[in-house]
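Below is one structure; the comments refer to it alone.
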Amino acid sequence: MSTEHGAGPHHWDQCADVYDFLEQVRLRPGVWVPGGSLEQLQAMLIGYQVALGVHSVDEPFDFWPSGPFSAWLGRRLGRHSPLDWAVEIARVTPAGSTPVEEFFTLLDHYRNEVGPEAGGTAARSGPGDPGLRLMLNTFVTLYWRRHLLEEESARLRAGGYRVVTLSAAEWATDEDMHRDLAAAFGFPDYYGHNLDAFNDCFGEVRGYEGYQEAEVGRGLVTAFTDYDRFAEASPRTAQIVLDIIADQARRALTVGNRVICLVHSNDPDLRLQPVGATPARWNDAEWLDASRRP
Numbered sequence: 000m001s002t003e004h005g006a007g008p009h010h011w012d013q014c015a016d017v018y019d020f021l022e023q024v025r026l027r028p029g030v031w032v033p034g035g036s037l038e039q040l041q042a043m044l045i046g047y048q049v050a051l052g053v054h055s056v057d058e059p060f061d062f063w064p065s066g067p068f069s070a071w072l073g074r075r076l077g078r079h080s081p082l083d084w085a086v087e088i089a090r091v092t093p094a095g096s097t098p099v100e101e102f103f104t105l106l107d108h109y110r111n112e113v114g115p116e117a118g119g120t121a122a123r124s125g126p127g128d129p130g131l132r133l134m135l136n137t138f139v140t141l142y143w144r145r146h147l148l149e150e151e152s153a154r155l156r157a158g159g160y161r162v163v164t165l166s167a168a169e170w171a172t173d174e175d176m177h178r179d180l181a182a183a184f185g186f187p188d189y190y191g192h193n194l195d196a197f198n199d200c201f202g203e204v205r206g207y208e209g210y211q212e213a214e215v216g217r218g219l220v221t222a223f224t225d226y227d228r229f230a231e232a233s234p235r236t237a238q239i240v241l242d243i244i245a246d247q248a249r250r251a252l253t254v255g256n257r258v259i260c261l262v263h264s265n266d267p268d269l270r271l272q273p274v275g276a277t278p279a280r281w282n283d284a285e286w287l288d289a290s291r292r293p
């Protein structure tokens with residue numbers, strides 16, 4: 000059995016590229032997406048792209064939520080939406096079909112219109128949004144080596160994000176923290192210097208209704224350095240602040256905005272409770288305990 004764009008079934012590790020992989024899914028959808036969920040297939044593709052980045056593989060990839068395929072789909076449907084392509088396809092799937100079947104029909108149209116390279120140099124440059132990789136599993140990412148956080152901040156800034164960096168090294172009290180937060184985000188004079196007030200005011204900043212005139216751009220990044228010192232001085236507040244940011248990040252996504260939090264810790268064994276109902280994870284380069292040792 001063969002298809003228009005690929006050969007017959009073979010093992011996944013014999014796939015030449017993402018399109019070859021997708022042909023394997025097309026040939027045996029019950030094996031790859033037994034529940035018929037297009038969101039599950041999209042998550043698999045995002046994992047594929049993350050693996051390309053981890054292993055420094057230069058391969059065109061068009062299926063990032065804000066990538067070439069999504070842009071093409073928006074033009075085809077005649078509308079631009081903050082929803083990702085899996086949700087959009089599910090919305091337009093006709094009766095008698097399934098979102099996965101509709102995806103492959105659209106994929107054929109896409110490849111026929113764009114060409115066999117399906118994305119060309121634009122796709123080779125990588126995903127259009129450097130923040131999406133960080134938001135796959137959590138809105139709060141931990142760093143032990145400060146230079147990794149600084150490099151991540153630089154990538155996000157270059158990608159259009161507004162990055163606000165705060166040093167927690169000298170936060171001996173909650174008031175120290177609130178003072179710096181208010182200054183960094185330009186909170187109004189009536190800011191109450193308590194956690195409820197931070198939740199309210201940060202909610203307005205993340206909603207692109209910030210108090211400062213600077214444009215938020217693609218999204219908002221809050222980067223804390225030396226956070227373990229504040230976590231030692233005020234563990235409850237340190238936990239709640241991150242929980243508030245994660246909760247606001249989830250709310251931001253419902254209106255198409257993006258909020259990310261980067262946290263540097265001098266303690267490689269820093270443990271936090273789940274934030275925004277998801278765990279705070281170590282970054283990809285330091286997720287093994289052994290990688291956070293001299």
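If you read the sequence shown in numbering that gives the first Met the number 0, its first letter stands for residue 0, the second for the next number, and so on.
Just so it is clear, CB atoms sit at the ideal spot from N, CA and C, and this is done for glycine as well.
All values reported here derive from a predicted model rather than from experimental measurement.
Close Cβ partners of residue i (< 7 angstroms) along its chain, the five nearest in sequence each way excluded
i: L37; result: A85, I88, A89, P98, V99, F102
i: W143; result: S264, P267, E285, R291
i: L51; result: E58, F60
i: D225; result: S166, A167, A168, H263, N265
i: Q272; result: Q238
Inter-residue spacing [alpha-carbon to alpha-carbon] between residue i and residue j
i: A70; j: R217; result: 16 angstroms
i: F197; j: A276; result: 19 angstroms
i: R270; j: P187; result: 33 angstroms
i: Y160; j: R145; result: 19 angstroms
i: V240; j: T253; result: 21 angstroms
i: V162; j: P93; result: 42 angstroms
i: T164; j: T221; result: 6 angstroms
i: G73; j: F201; result: 31 angstroms
i: E174; j: V17; result: 51 angstroms
i: R298; j: R110; result: The requested residue 298 is not part of the displayed model; the chain covers only 0 to 293.
i: D22; j: A289; result: Correcting the residue identity first, residue 22 is Glu in this sequence and not Asp. Distance between the alpha carbons of E22 and A289: 38 angstroms.
i: H54; j: H192; result: 45 angstroms
i: G158; j: L133; result: 13 angstroms
i: V139; j: Q238; result: 11 angstroms
i: A42; j: V56; result: 19 angstroms
i: D297; j: N136; result: Residue 297 lies beyond the stretch modelled for the chain, which goes from 0 to 293, so this question has no answer here.
i: Q39; j: R156; result: 30 angstroms
i: E150; j: G95; result: 49 angstroms
i: S233; j: A279; result: 18 angstroms
i: G77; j: A183; result: 40 angstroms
i: I244; j: D283; result: 21 angstroms
i: S152; j: M176; result: 21 angstroms
i: Y47; j: R178; result: 43 angstroms
i: G29; j: L131; result: 28 angstroms
i: A15; j: P33; result: 23 angstroms
i: V49; j: C260; result: 19 angstroms
i: P293; j: F223; result: 22 angstroms
Same chain, Cβ closer than 8 angstroms to residue i, neighbours up to 5 away in sequence not counted
i: R154; result: P129
i: D199; result: none
i: L105; result: L72, R75, I88
i: V308; result: This structure cannot settle anything about residue 308, because the visible part of the chain is limited to 0 through 293.
i: E112; result: W71
Opposing strand residues paired with residue i [DSSP bridges]
i: H263; result: Y142
i: S166; result: T224
i: V258; result: L219
i: V274; result: T277
Expected contact under 8 angstroms - CB spacing of residue i and residue j to nearest Å
i: W297; j: L148; result: The chain is shown only over 0 to 293; residue 297 falls outside these bounds and no answer can be derived.
i: A181; j: Y189; result: Actually they are not in contact, since the Cβ atoms of A181 and Y189 sit about 11 angstroms apart, beyond 8 angstroms.
i: L287; j: T236; result: The Cβ separation is near 30 angstroms, so there is no contact.
i: V262; j: D242; result: At roughly 12 angstroms, the Cβ-Cβ gap does not stay under 8 angstroms, so V262 and D242 are not in contact.
6 angstroms Cβ shell around residue i - same chain, five flanking residues per side excluded
i: R205; result: L219, Q247, A251, V258
i: G35; result: T97, V99
i: V24; result: W31
i: F62; result: L44, F68
i: P64; result: D83
i: E203; result: none
Cutoff 8 angstroms: residue i Cβ touching any chain C Cβ
i: Y189; result: You won't find chain C in this structure, because it holds only one protein chain.
Residue i Cβ short of 7 angstroms to the ligand SAM heavy atom set
i: I243; result: Because no ligand of any kind appears in the structure shown, any question about the ligand SAM cannot be addressed here.
Contact the stretch 160–176 vs the stretch 223–232: 3+ CB pairs below 8 angstroms: yes
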